[in-house]
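So the sequence lines, in the order shown, correspond to chains X and F.
Here my numbering is used: the first residue of the first sequence is 1, the next is one more, and so on.
Here my numbering is used: the first residue of the second sequence is 1001, the next is one more, and so on.
Structure, as structure tokens:
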Amino acid sequence: MLLIHCPYCEEDRPELEFHGAGEAHMERPKNMGDISPEDFEKFFFIRENRKGLVFERWRHLHGCGRFFNAARHSVSDKFICTYKAGEPKPELSDEQIAAVLPPAKGTPANEPIVSKGDAK
Amino acid sequence: MSAPNRIAGHGRLSPSNAISFTFDGKRLDALEGDTLASALLANGIQLMGRSFKYHRPRGILAAGSEEPNALMDIARDNGRRQPNVRAGVQEVFDGMMAESQNRYPSLAFDVGAVNDGLGRFLPAGFYYKTFMWPRKAWDKLYEPIIRNAAGLGKTPVEADPDKYANRFSHTDILIVGAGAAGLQAALTAAKSGLQVVLADENPELGGSLLSDGDVRIGGKAGGDWARNVEAELRGMDNVTILTRTTAFGYYAQNMIALVERVSDHLANPDSGLVRERLWQIRAGRVIMATGAIERHLVFADNDRPGIMLASAGREFLHKYGVTPGQNIGVYTACDSAYNAAFDLKQAGVSIVAILDCRPNVDSELLSRANDLGIKVLTSHAVISTSGRLRVKSMQVRSIDGGKSEKYEIDCLLMSGGWTPSVHLFSQSRGKLAFDEDKGRFVPDIYMEDCASVGSCNGTDDMAAALAEAKEKTNEAIKLLGGKTSRAKALSVENACSMDGFLIGSADGAGPDDFVKAFVDFQNDVTAKDIRLAVREGFRSIEHVKRYTTTGMATDQGKMSNMHGLAIAAEMLGKDIPEVGLTTFRAPYTPVTFGTMVNHSRGELFDVTRRTPMHEGAVAKGAVFEDVGNWKRAWYFPQGGEDMHAAVNRECATTRKMAGMFDASTLGKIEVVGPDAVKFMNMMYTNPWDKLGVGRLRYGIMCREDGFIYDDGVVARMDKNRFHVTTTTGGAPRVLNMMEDYLQTEFPDWKVWLTSVSEQWAVIAVNGPKARAIIEPLVEGIDMSGDAFPHMSVREGKICGVPTRLMRMSFTGETGFEINVPANYGQAVWDAIWERGAPMGMGVYGTEAMHVMRAEKGYIIVGQDTDGTVTPHDAGLSWAIGKNKKDFVGIGGLRRPDLVAKGRRQLVGLRTRDGNIVLEEGAQIVENADVPIPIPMVGFVTSSYWSQCLGHSIALALVENGFERLGETVFIPMEDRTIAAEIVSPVFYDAKGGRVNG
């Protein structure tokens, strides 16, 4: 169970208190009344779903009730930071990102068999 | 004491604490503190079970939780019975009933053992290959037989009467494992002033120290040192010691799940005691001191009862004063087995010979063996064994070849070396590295805030392990801001060497030998099976594992994984690290459902929500249905009525006279603030600017994609205050969506949202007499039709209680929904009943409500809509504000597919034969007389018998339904095809005059 830092409560709280709410920084278009199907598709359906660094929304549902954003690595599950809704995407330093990376490939355990011969 | 294998003067148990238990119905003696394994061995019993696939006789293999063979059914009484308990883990209590498993009719004579003779016809993948055809035989023949043969142990049939507890906890340092390294870590951590939890799966702290007669720590015998440390730790407030507690799962951010076996070892547990306790501990730092597990050797017929791990033999002697045999052979690739032989020899047991497959053995060990008169043969292997129910002899041969020699034995101790217990580390997503020199994986890259110390980290030397435990614990203390320890590491003498190993098959069980050399005992996987899998083309160890099932039993291959991997690697011609290791997963050892489910069963399984008038409905004989977490009165049968009759009567009474209904479960949200109208305009498709104060409007909420999300009647209480109702199940998600937009898209808007679902009790009174019934109870509201028309709201009092009185209808009759503070709900309900009943009013439940609303064509979101229905599709275009520039869903509704022809639209259906009530969900076609598959043009969403109309009614979503009024469609069922006409969804009072009555 993750520990999540609520930027409003300023506390680390267990995941049980939170609900994930999808990708962050998806701004609702101002021209919804005459939006083109292409723009609607971009807004409503297209998500990055990155394997790696993600910016995502959470709600401290069983706490203060506030929505906020987080920068997290989707492979290691580790959070870099959380920040309040409406704040810009944070600039992340290389050190911050390195701190949440999963272990490098090439360590043998738990990796499937890969050798030059099989690569074809 | 009749136990033939109990050796006086050995072990930690007291001969005066005699108890008894039964095994397969036979009464046996034991000592308090015995495990089932030690007690059976003491009684000379080696045969403890039958293997899973071949039904081969099996005995105890290990002394601890890694045991793959000796799985027992343990019972206290009929309700308290648990299958698949490992004999080395279960402590014997007086009166315990143990039964062997997987045998019929008896353990010694088992008909399933015929599989053993058929072994050559039951190779890996047997099931996949054999039961392919004929296809038809699968359902009726193969599957039932396989299912019958599958599974180990019998499922208990009675409900578990025991209680289980659940505890969350936080600590600075959690130490898993209380062997030498764990105890050293705990000592260091305890003196730091930080909070410390020390957990060990055994009843006593000390780990291998308790089964080692030689080792001395700080000048004391190992076991005594452990006992002293435990006493010291128990005296400290900042230390919690959990014995009989297994850390079975390592979860994100140092969340560790542990199970504490609280009372399974007690003969008469206090009724207040729980059976097991689940701990969920969040630790600042985790120190893993989980030790190592000895491996067996893979040789021909290595599974006969009496063949076991050398460490187990030593543990039985030192802990329980039990020898596993009287004439013992030792077969090893590792130094530590010598110590088992020495100790047993010194206890007076005959050691036939030590066979060591290594050519070179430490000279000190050899000279000690010589001193004790134990014969040692290096470069020798056991190439086969004999003995049906117990090992009787072994054939021994030099690895260089030559003739084999037979030795009579009744027990064979073996050791293939030690596998570090990296299960928890691996669960923490840490990465392992392969140590070529010692043939093992050890922790390498850490992903959590934890450390491995001692033999789980590959640190076999005990002095080095203690130093490591101290150092790593000091690091943890420093990080957590505690006081580090400068005490010197303790001296260690006479520690047992763990050098030497063999992974893969031993001599005589190679690719050319046609023998059964078991790799995985629990799933009956032999070296041959693994080779076969590779020959058949499996290249990934994950696939080899699944095809052969090696390592997939409940022991998760604690002893077998390294052997399986080495054999597969050899066959593939690859190095072990290249082949990789399969993934370790929680739980480390099996965990009972009771512990997992814990308090969440029976009444506490889930939240039950009851309305303020629940007891009143119970008193009126209501049958309830579950709607979400709510208990809702479904119908009120009278005088032996069935549901059908009750619902017919409830509808008729309501339409002719009046009916009252508990509508309290509706979600209610107050939307308040200067920007409330603006916000409502954004959230709902309807326009709200012109809705006057005191008026109601039916509102529809869409998602951005234009599909209906929720609906409900909205009351404008004031210029800046809306009382919004939602569907019963939709309240939380509607509030969540509103909060989402308010907080993240429109944070500047001055609006406040409050859930008031449970603050208001709602009593609906509907029917021609509704007004007459409630009018005299109401104060401060002009109840005349002109002053209080349909779809309006007034505030006043009813029965002296403040009310938001809404004139609205979900039945098509004149209706009122009386909102009163929840605590007054029952009193107001009773008062209305008292007045209404003599006037012919009845009470109705949710089923009658459904029928009456369907007669009017009112939709239920989630029943007549399914997340792909727009307001246009539902015939509710009128509810979309034509001049609105924006609302949630406006963009989605313009999508080409949502405005194209061919949408499924909500219509009514009348069956040609009015007595037939359609099935909800039934598929609709245009022409049933064509070959299947027939194109489907829609489906039935709601269907009821309408007593007041005298025929069935249905609502359906049908392609282009609005243009098809009057057309006939067909509903093909299994036994017949039903013809129905597409009609308007409003079946009753099409002009809608009755609501104004």
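Glycine included, every Cβ here is placed at the ideal spot set by N, Cα and C.
If you're wondering where the values come from, they're calculated on a predicted model, not measured in any experiment.
The continuous beta strand (DSSP E) containing Pro1443 of chain F extends over residues 1440-1445. Listed in chain order, the beta strand (DSSP E) runs fully inside the stretch 1293-1319 of chain F are 1307-1309, counting runs of at least 3 residues. Residue range 1825-1836 is occupied by the alpha helix (DSSP H) that includes Val1828 of chain F. By the rule that beta-carbons nearer than 7 angstroms mark a contact, Gly1891 of chain F touches chain X. Residue-level contact by beta carbon fails for Ile4 of chain X and chain F, as no gap is shorter than 7 angstroms. Per DSSP, the beta bridge partners of Ala1165 of chain F are F:Arg1277. Checking the DSSP bridge columns, you'll see Gln1395 of chain F partnered with F:Ser1384, F:Lys1406. Measuring C-alpha to C-alpha distances from Thr1846 of chain F to each of F:Ala1075, F:Ala1928, F:Ile1763, F:Val1259 identifies F:Ile1763 as the nearest. Looking only at F:Ala1340, F:Ile1708, F:Lys1620, F:Leu1389, the smallest Cα-Cα distance to Leu1365 of chain F is reached by F:Ala1340.
Thr1868 of chain F and Met1643 of chain F have their C-alpha atoms roughly 32 angstroms apart. For Ala1030 of chain F, the enclosing beta strand (DSSP E) has its first and last residue at 1026-1031. Taking all protein chains in view, the Cβ of Ile46 of chain X is surrounded by fewer than 16 other Cβ atoms within 10 Å, so the residue is classified as exposed.
Using a Cβ-Cβ cut-off of 8 angstroms, Ser76 of chain X is close to Arg1429, Met1447 of chain F, given in chain order. Within the same chain, His1055 come within 6 angstroms of Ala1113 of chain F by CB-CB distance, once the 5 residues on both sides are set aside. When secondary structure is reduced to three states using DSSP, Val1899 of chain F falls in the helix class. Neighbours of Lys1885 of chain F across chain X, judged by C-beta separation under 7 angstroms: Gly33. Thr1549 of chain F places its beta carbon 7 angstroms or farther from that of Ile1530 of chain F.
Across the set F:Gly1206, F:Glu1099, F:Gly1223, the C-alpha of F:Glu1099 shows the shortest separation from the C-alpha of Lys1154 of chain F.
According to the DSSP secondary-structure assignment, Asn1629 of chain F is paired through a beta bridge with no residue. In the three-state reduction of the DSSP assignment, Ile1982 of chain F falls in the strand class. Secondary structure remark: continuous beta strand (DSSP E) runs of at least 3 residues inside the stretch 23-96 of chain X, in chain order: 53-59, 67-73, 79-84. At least one beta carbon of chain F lies nearer than 7 angstroms to the beta carbon of Ala85 of chain X. The beta carbon of Met1462 of chain F sits no closer than 7 angstroms to any beta carbon of chain X.
Close CB contacts of Ala1289 of chain F within its chain, under the 7 angstroms cut and outside five residues either way in sequence, are with Ile1175, Val1176, Gly1177, Gly1179, Ala1181, Gly1182, Ala1185, Val1453, Gly1454, Cys1456, Ala1469 (chain order). Of all residues in the stretch 1723-1751 of chain F, the ones placed with a Cβ closer than 7 angstroms to any Cβ belonging to chain X are Glu1739, Asp1740, Gln1743, Thr1744, Glu1745, Pro1747, in chain order. For His1170 of chain F, the three-state secondary structure derived from DSSP is strand. Of all C-beta pairs linking the stretch 1783-1801 of chain F to the stretch 1685-1696 of chain F, three or more are shorter than 8 angstroms, placing the two stretches in contact. Taking 7 angstroms as the threshold, the shortest C-beta distance from Arg28 of chain X to chain F falls below it.
Chain-order list of chain F residues neighbouring Phe18 of chain X: empty, with the shortest C-beta distance near 13 angstroms, by a criterion of under 9 angstroms. Lys1375 of chain F counts as exposed, since fewer than 16 other C-beta atoms from the protein chains shown sit within 10 angstroms of its C-beta. Under a 10 Å Cβ-count criterion, Phe68 of chain X is classified as buried, with 16 or more other Cβ atoms of the shown protein chains found around its own Cβ. With respect to chain X, the C-beta atom of Gln1759 of chain F has no partner C-beta closer than 7 angstroms. C-alpha of Asn1883 of chain F to C-alpha of Asn1686 of chain F: approximately 10 angstroms in a straight line. Straight-line measurement puts the Cα of Gln1082 of chain F at about 49 angstroms from the Cα of Phe1661 of chain F.
Taking C-beta atoms as the reference points, His19 of chain X and Asp12 of chain X fail to come closer than 7 angstroms.
Taking a beta-carbon distance threshold of 7 angstroms, Pro88 of chain X does not count as an interface residue toward chain F.
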